[in-house]
Each structure stands twice: as C-alpha cells, then as structure tokens.
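The structure appears right after this line, and notes come after that.
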Amino acid sequence: MPHEKWNPFIRLITESDPPRCQVPALLGPPKQSACFSICNERLEVDSTAALRYFVHPPPQVNLRAGLEQFLNLPEEDRTFQRARRLDNVFTICLHSTNSEELLQAQFVTWRGILRKIMFGERLDLNVSYYRGVLYLEENSRGHDDDSECTYLGHKFESFCTTASPGGEPDTPDVDMHTLWNTAITRKLGSLNILLVGEVDCVKPDYGQNPSPENYVELKTRKIKGQIFNTPNRSKWDMQSHLLGAHQIFVGFHDGAGIVQKLESFAVRNMANAQHKIDWGARVLQGLRDYCARSATTNESVLPVWRVHSRYGYADIRELGPREVEKLNKNGVPRNGIIPLSFIEGLEKRMSPVSR
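Position 355 of the sequence shown, counted from 1, bears residue number 355 in full-length UniProt numbering, the numbering being contiguous throughout.
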C-alpha cells in the first residue's frame, strides 16, 4: 500500500497578526451547567457520586505511605487515565438535564487545553467542526505515568477530602479511577465556550450553593532546601480561574514525602494575564474562522485538522483519510473526532417525530 502523503502545515496565526476578534477578550462569569462522575469506569451524568468535600488534613501526613505497594499493582490499577477524547463530554451534552444550555457552546474542550493555549505551551490538537461548533482534543496517549509525583498528589487528595461535608479525612488506598468533573459554560469575548475539568473537592457549602466559587483545587509542591515557593502559581491560578474556582490548597512536602507546611491561596485576579486570555481568544477565533471556511457541505465525512499550538503561533493541516482511520482505530464509530452516537442523537432531536 503506497504511503499517504501528508498535507503540509500552514500558519494559522502569529502573535504579530492583527486580532480577528475584539480584545481585550473578557471572560464572562462561569456557570456550572452540568457535572458527571466516573465511578468504576462508569459514567454517571449529572451525578455527584464521586464528589469529595474539603477537610483540613492532619499535620505532617506522609504522602509516601503505601507507595511501594501501589507500584506493585497491575499497570491498569496504578496508571492515572487522564481523558483525552471528549466522549464523556459528548454524552453529557446529549443527556444532561441542562443539555440545551450545553449545546449552545461554539467551542467544546477540556479546560487544561485552553490553559495550555493561553500560556503558549507545546500542544498538538485534533479538531473537528460540526454545525457551527468546534471540538478540540489533545493528540496524545492521554495518560500520566505512575511516577512518584502522581502518587503523592493523589495521596494528598485522600488526606484532604471526605465523602460528606464536615466528615473526617478518610485515607483509603489511592484511587486513580474515581473522578468528579464539572462542565462550565461562559463567554470568552464574544465566544460561547464549554470547558470541562476535574474538580478535586468542594467546600462544605457546595450542597446549598453548587457553584464554581465553592470548588477547591489541591496541589503539592516539593520543598527545595527551606524554600516554600510555587513557581507554577500563574498556571495554577489560570487553571482554577477557567473553571471559576476561588481557592487553591497546597501541601509542601520534603524528600521523604512528609508534608511540612500547608497553605491556602485565593485564586488571583487574572487582570495581569489578560494578554494570555486574549491570545487564547485569538487562537480560537482564528481556528473557528479557518475551519468554517474549509468545512465541506458533505457532513457524512467531517474533516479532522491537526493543530500545533506553540508560544506565539499556531499551525494547522487537514489529516488524510488513513491518518483519521488510524486516529479512530479500536474505538467507537466516529465521524471526524465526533462519535456517531452524538451526531445521531442530535439528528433525533431535530427530527419532527421527536418534537
């Protein structure tokens, strides 16, 4: 079989280009429009089954406790499977009680992807455009390794969370597969965006006020000498800000894994990072304009574009048929990166019989 020739990358946008959208591109207020739980590899729409509540941990907890046993587990039990594909998001868009609001979005992606675009981090994306909506997934294997750092972070979460408000910390074995995710709708300039991300835990008041202001993000940082610093603070702030979280709680641990200091940070106002927010809006607008122009009227075969997002620029090219086939191999049937079940669900909603 002859080798398929790749379409070349073209420059989508550079930082020096005139903006194609209004700047400053202000972020509108975040709204929790839906949520879902992942429990025992099962998706539960609009569920808080996996939700955890914040509780102050005991002093000097040992984050390395249980690490040796953990590393002896089968790989599937000790590997944190960070979602790459948007399949769970497509499911909640169809089946959430707030489905109509979710379907108003013009951009759908994970919050971590937008944060990486804003900060100009090296990022490779797969993109499809369907009926005015752009869907963005990261082109990666989608999992973190079983490193000590990953374990320590999850162990810290177990010391800082409980199943019910006001409860005591319960510290079971580290669980990589029970996750609670929120779906946030908000404006980015003139664009309607849907951002989905994992939330570590919430404040006790969340039950009475299920809004982003009650989210709590948990972080760990290894102490270097006697220095307790947070070199990634701006990234932490933006990561939390995109979902609307107001609080970051950090455990500083030594080389033995013992937490020596605990500190709570209020998520900073992102006014000083407006240029990064503007860059994110410019990339999304440029991407939407390009894909809308390039999309065909034949919806039976949706294009997939590969986007290289870097610091100060982004490039794009359309994948060939064999590349798309390889991308979607061994998964659910898809058109572009979109599951056929989602497209069929939308069609059913629009049919006269279903109205």
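In this text, a Cβ means the ideal position worked out from N, Cα and C, and glycines have one as well. Quick caveat, the model's predicted, so the values are computed rather than measured.
Boundaries (first-last residue) of the beta strand (DSSP E) holding residue i
i: Ala-183; result: 179–188
i: Leu-103; result: Note, Leu-103: premise wrong, no beta strand (DSSP E); not H, not E.
i: Leu-43; result: 42–45
C-beta contact flag for residue i and residue j at 7 Å
i: Thr-161; j: Cys-201; result: yes
i: Trp-305; j: Val-133; result: no
i: Leu-191; j: Val-108; result: no
i: Phe-169; j: Val-55; result: Correcting the residue identity first, residue 169 is Pro in this sequence and not Phe. Cβ atoms of Pro-169 and Val-55: closer than 7 Å.
i: Tyr-129; j: Ile-338; result: no
i: Gln-69; j: Val-259; result: no
i: Cys-21; j: Gly-189; result: yes
i: Thr-178; j: Ala-50; result: yes
i: Val-216; j: Phe-249; result: yes
Delimiting residues of the alpha helix (DSSP H) encompassing residue i
i: Phe-36; result: Not the alpha helix (DSSP H): Phe-36 falls in the beta strand (DSSP E), residues 31–39.
i: Ser-294; result: 274–294
i: Leu-340; result: 340–350
i: Arg-322; result: 321–327
i: Phe-90; result: 87–95
Selection from the options that minimises the alpha carbon distance to residue i
i: Asn-214; options: Gln-247, Ile-223, Cys-21, Leu-195; result: Gln-247
i: Leu-287; options: Leu-114, Ser-300, Cys-35, Ala-49; result: Leu-114
i: Arg-221; options: Asn-209, Trp-236, Pro-212, Ala-266; result: Trp-236
i: Ala-273; options: His-308, Phe-119, Leu-86; result: Phe-119
i: Arg-85; options: Arg-334, Ile-343, Phe-156, Tyr-290; result: Arg-334
i: Ile-117; options: Trp-279, Glu-157, Val-324, Glu-100; result: Trp-279
i: Ile-13; options: Leu-327, Arg-317, Val-332; result: Arg-317
i: Asn-269; options: Ser-234, Gly-257, Glu-299; result: Ser-234
i: Gln-32; options: Glu-75, Gly-244, Glu-217; result: Gly-244
i: Arg-282; options: Ala-271, Ile-10, Glu-15, Asn-72; result: Glu-15
i: Ala-314; options: Glu-344, Gly-166, Gln-285; result: Gln-285
i: Gly-225; options: Pro-204, Asn-209, Ala-256; result: Ala-256
i: Cys-149; options: Glu-299, Pro-204, Asp-254, Leu-136; result: Asp-254
i: Val-307; options: Gln-104, Asp-124, Ile-10; result: Asp-124
i: Gly-166; options: Glu-138, Leu-136, Met-176, Pro-204; result: Pro-204
In DSSP terms, what residue i is bridged to
i: Thr-162; result: Tyr-53
i: Gln-247; result: Val-216, Ala-266
i: Asn-192; result: Lys-187
i: Thr-14; result: Tyr-313
i: Asp-124; result: His-308
i: Glu-138; result: Leu-125
i: residue 356; result: In the structure as shown, the chain starts at 1 and stops at 355, and residue 356 therefore has no counterpart that could be examined.
i: Phe-70; result: Paired residues: none, contrary to the question.
i: His-154; result: Answer is none; His-154 lacks a bridge partner.
i: Phe-252; result: Arg-221, Lys-261
Neighbourhood of residue i by C-beta distance below 7 Å, restricted to the same chain and skipping five residues each side
i: Ala-34; result: Asp-46, Ile-92, Ser-96, Asn-98, Leu-102, Ala-183
i: Arg-122; result: Arg-310
i: Thr-297; result: none
i: Tyr-151; result: Leu-67, Phe-70, Val-174
i: Leu-242; result: Arg-111, Leu-114, Arg-115, Leu-195
i: Ala-25; result: Leu-188, Gly-189, Ile-277, Asp-278, Ala-281
i: Leu-218; result: Phe-156, Glu-157, Cys-160, Asp-200, Cys-201, Phe-249
i: Arg-11; result: Tyr-313, Asp-315
Contact test: residue i Cβ vs the ligand GDP heavy atom, cutoff 6 Å
i: Ile-92; result: In terms of ligand content, the structure shown is empty, and the ligand GDP therefore cannot be addressed.
8 Å Cβ shell around residue i - same chain, five flanking residues per side excluded
i: Asn-181; result: Cys-35, Phe-36, Ser-37, Ile-38, Asn-88, Val-196, Gly-197, Glu-198, Val-199
i: Gln-106; result: Gly-132, Val-133, Leu-134, Leu-191, Asn-192, Ile-193, Arg-288
i: Arg-52; result: Glu-157, Thr-161, Thr-162, Ala-163, Trp-180, Asp-200, Cys-201, Val-202
i: Pro-57; result: Phe-156, Phe-159, Cys-160, Pro-169, Gly-251, Val-259, Leu-262
i: Arg-322; result: Glu-4
Close Cβ partners of residue i (< 6 Å) along its chain, the five nearest in sequence each way excluded
i: Gly-153; result: Thr-220
i: Arg-355; result: Its pLDDT being 47, under 50, Arg-355 is placed unreliably by the model, and nothing is read from it.
i: Tyr-206; result: Asn-214
i: Phe-228; result: Phe-252, Lys-261
i: Pro-303; result: Glu-318
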